[in-house]
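Engineer:
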Amino acid sequence: SLHAPKEDFSPTKSGSQPHSHLLVCSVTGFYPLGIEIKWLKNGQEQMAGVVSTELLQNGDWTFQILVMQEMSPRRGDVYTCQVEHISLQGPIAVHWDPDLNHVP
């Protein structure tokens, strides 16, 4: 059986550079393996500064993974974590907007 992933953002953490932040996209509860997770900035796929954990088993046959994007927030930028999985009709996405999230 298929289990659709659930996706959300963890709170941002401080990044490795001053004024940088680590956005953490948490994708949990999916089965089978074979998931594609992308970070987009203003609709453009980001490769630099993207780090993911190993796939973790949840103990109920499903999996989870965290995918992080290090970024320096600027007004007007919108970051998107986009997930594609066989259980989904199409990609799902969550958006993060520094203007709405009161980044210091």
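Numbering-wise (UniProt numbering), the sequence shown opens with residue 1 and increments by one. All residues carry an ideal CB built from backbone N, CA and C; glycine is no exception.
Answer yes or no: do VAL78 and ASN101 have a C-beta to C-beta separation smaller than 8 Å?
Structural biologist: Residue 78 sits at position 78 when you count from the first residue of the sequence shown. Residue 101 sits at position 101 when you count from the first residue of the sequence shown. No. Outside cutoff.
Engineer: Please tell me whether ILE65 and VAL27 are closer than 8 Å, where the distance is taken between their beta carbons.
Structural biologist: As a first step, residue 65 is located in the sequence shown; it is residue number 65 there, counting from the start. As a first step, residue 27 is located in the sequence shown; it is residue number 27 there, counting from the start. Yes. Within cutoff.
Engineer: Output yes or no for whether 8 Å exceeds the beta carbon distance between VAL51 and CYS25.
Structural biologist: Position 51 of the sequence shown, counted from the first residue, corresponds to residue 51. Position 25 of the sequence shown, counted from the first residue, corresponds to residue 25. It is not a contact, given that the beta carbons lie outside the stated cut-off.
Engineer: What would DSSP say about HIS85, mapped onto helix, strand or coil?
Structural biologist: On the sequence shown, residue 85 is found 85 positions in, with the first residue counted as 1. If DSSP states are grouped into helix, strand and coil, HIS85 belongs with the strands.
Engineer: Which residue comes first and which comes last in the beta strand (DSSP E) that contains GLU70?
Structural biologist: As a first step, residue 70 is located in the sequence shown; it is residue number 70 there, counting from the start. From DSSP, the beta strand (DSSP E) with GLU70 extends over 63 to 71.
Engineer: Rounded to whole angstroms, how far is the Cβ of TYR31 from the Cβ of LEU55, which I believe are closer than 8 Å?
Structural biologist: The residue labelled residue 31 in the question sits at position 31 within the sequence shown. The residue labelled residue 55 in the question sits at position 55 within the sequence shown. With 8 Å as the limit, TYR31 and LEU55 do not qualify as a contact, their Cβ atoms being about 11 Å apart.
Engineer: Give the range of the beta strand (DSSP E) segment to which GLN44 is assigned.
Structural biologist: The residue given as residue 44 occupies position 44 in the sequence shown. Unbroken beta strand (DSSP E) run through GLN44: 44 to 46.
Engineer: Could you give the first and the last residue of the continuous beta strand (DSSP E) run that contains GLY29?
Structural biologist: The sequence position of residue 29 within the sequence shown is 29, counting from 1. Taken as a continuous stretch (DSSP letters only), the beta strand (DSSP E) holding GLY29 covers 21 to 30.
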